[in-house]
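*Asks:* Got a structure here, written out as structure tokens. Questions coming.
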Amino acid sequence: MAPAAAANPHLNIIAGLEEPTEGQVRIGGKDVIGVAPAQRDIAMVFQSYALYPTMSVYDNIGFALEMRKVPKAQRDQRIREVAAMLQIEPLLERRPAQLSGGQRQRVAMGRALARQPQIFLFDEPLSNLDAKLRVEMRAEIKRLHQLSGITSVYVTHDQIEAMTLGSRIAVMKGGVLQQLGTPDEIYNRPANTYVASFIGSPTMNLVPGHNGTAQGNNNFEIALTQLPMAAPRAGNLLMGVRPEHVSLVDDAPWRGEVSVVEPTGADTYVVVKTGVGDVTVRVSAQAHVKAGDRVGLQVAADHVSWFDAGTGVRI
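Encoded structure:
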């Protein structure tokens, strides 16, 4: 049975529901352009669950196996293995209407897992769940991936999901690839300001400034304040720095006024209004700071990313 269409065109191309304008789609080392969707051995998990409402959980999980003429005894064994893996064994006789959102998503994943496909395609599978359940299901998906070892392509607008689940992340903008790399590369060495501002919560601070001389000069100027760090070249630049790499230091020359203090439990985020815009700083929960305080900002120079001020591309 061919997979239903996903909302994401990239998944549709992998599944064979749309044709690419150029290039190849390789599965198991073979180009599958022109291969029918039903022959690609792909399983999809959707945002909308897409369960059969008149079937029990048992029958939903086993439907694809039945269509493939898998013998009944073998089918039953595989259904129960998957149910145990997903911890939904007590739900096998229920119908989708009797399940919570999280339980339905587990059944949808179980239906895909039962087939043991070459590739899983996940189309924003957690978007309909509340925050607590999203965290739980995110951990469950990662655990299942580690157990099965099956290649998974996961589409999400949630950068936390991307960072926690992905071994390699492709950041897209308007259908154009911005960067492909490991979570560490994407987070610490973003290719441009779009990636820098998209990945991370809060996002990377992008601070405009000017370096008037050649590479190696320790004189990056921010709003008439000279910072002791070597910019990579002369001209107008953007200094990118994560909140955890900015510190509040009383005697630092770069100064601003605290406008917002956001406690999050383990950490506190402090937004400082400066002459070149707001800068977010991550401090300990025990830090004594309040709105209206004048503070100094110190940047960890070895954790700075530099971008061209005009193009936004990493230097």
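Terminal number for the sequence shown in this note's numbering: 317, no gaps in between.
Even for Gly, the Cβ is constructed at its ideal location relative to N, Cα and C.
Bear in mind that the values here come from a model prediction, so they are computed numbers and not experimental data.
Where do the ends of the beta strand (DSSP E) carrying residue 175 lie?
*Replies:* Unbroken beta strand (DSSP E) run through residue 175: 171-175.
*Asks:* Hey, which unbroken runs of the alpha helix (DSSP H) at 4 residues or more fall wholly within the region 141-205?
*Replies:* Segments of the alpha helix (DSSP H) lying fully in the region 141-205: 161-167, 185-190, 195-200.
*Asks:* Given a cut-off of 7 Å, decide if residue 17 and residue 63 are closer than it, judged by their beta-carbon atoms.
*Replies:* Not in contact: residue 63 and residue 17 (Cβ atoms no closer than 7 Å).
*Asks:* Could you pull out every residue in the same chain whose Cβ sits closer than 6 Å to the Cβ of residue 238, ignoring the five residues on either side in sequence?
*Replies:* Around residue 238: 212, 311.
*Asks:* Does the distance from the CB of residue 227 to the CB of residue 208 come in under 7 Å?
*Replies:* No, the pair does not count as a contact, with Cβ atoms beyond the cut-off.
*Asks:* Checking 7 Å against the spacing of the C-beta atoms, do residue 258 and residue 225 come in under that value?
*Replies:* Not closer than 7 Å, so no.
*Asks:* Under 8 Å, with one C-beta from each stretch per pair, do the region 285-298 and the region 167-180 reach the 3-pair mark?
*Replies:* Contact between the region 285-298 and the region 167-180 is absent, because fewer than three Cβ pairs lie under 8 Å.
*Asks:* Can you give the beta carbon distance from residue 318 to residue 84, rounded, assuming they're within the 8 Å contact cut?
*Replies:* What the structure shows of the chain is the stretch from 3 to 317, and residue 318 is not part of that stretch, so it cannot be assessed.
*Asks:* Does residue 317 come out as helix, strand or coil in the three-state DSSP assignment?
*Replies:* Residue state, collapsed to three classes: coil.
*Asks:* Can you round the beta-carbon distance between residue 291 and residue 248 to whole angstroms, since I take them to be within the 8 Å contact cut?
*Replies:* Not confirmed; about 13 Å, so no contact.
*Asks:* Exposed or buried, which one is residue 28 when buried takes at least 16 other CB atoms within 10 Å?
*Replies:* So residue 28 ends up on the exposed side.
*Asks:* Identify every residue that forms a DSSP beta bridge with residue 265.
*Replies:* Partner(s): 270.
*Asks:* Is DSSP giving residue 338 helix, strand or coil here?
*Replies:* Any question about residue 338 goes unanswered here, given that the chain covers just 3 to 317.
*Asks:* Tell me which residues share the same chain as residue 56 and place their Cβ nearer than 8 Å to its Cβ, disregarding the 5 neighbours each side in the sequence.
*Replies:* Hits under 8 Å: 97.
*Asks:* Going by the CB atoms, is the gap between residue 112 and residue 146 shorter than 7 Å?
*Replies:* No, Cβ-Cβ distance for residue 146 and residue 112 is not below 7 Å.
*Asks:* Would you tell me roughly how many angstroms separate the C-alpha atoms of residue 234 and residue 244, rounded to the nearest one?
*Replies:* Cα to Cα, residue 234 sits roughly 18 Å from residue 244.
*Asks:* Distance check for residue 66 and residue 13, CA to CA, integer angstroms please.
*Replies:* Cα-Cα distance, rounded: 20 Å.
*Asks:* Between which two residues does the beta strand (DSSP E) containing residue 211 stretch?
*Replies:* Looking at the DSSP string, the run of the beta strand (DSSP E) that includes residue 211 is 207-213.
*Asks:* Using the C-alpha atoms, what's the distance from residue 95 back to residue 263?
*Replies:* In a straight line, the C-alpha of residue 263 is about 50 Å away from that of residue 95.
*Asks:* Using the Cα positions of residue 127 and residue 172, report the straight-line distance between them to the nearest angstrom.
*Replies:* About 18 Å.
*Asks:* Note down, one range per segment and in chain order, each beta strand (DSSP E) of at least 3 residues found wholly within the region 19-81.
*Replies:* Listed in chain order, they are 44-48.
*Asks:* Is residue 293 helix, strand or coil by DSSP?
*Replies:* If DSSP states are grouped into helix, strand and coil, residue 293 belongs with coil.
*Asks:* Shortest alpha-carbon distance to residue 308 belongs to which of 284, 198, 140, 287?
*Replies:* Here the closest residue by C-alpha is 198.
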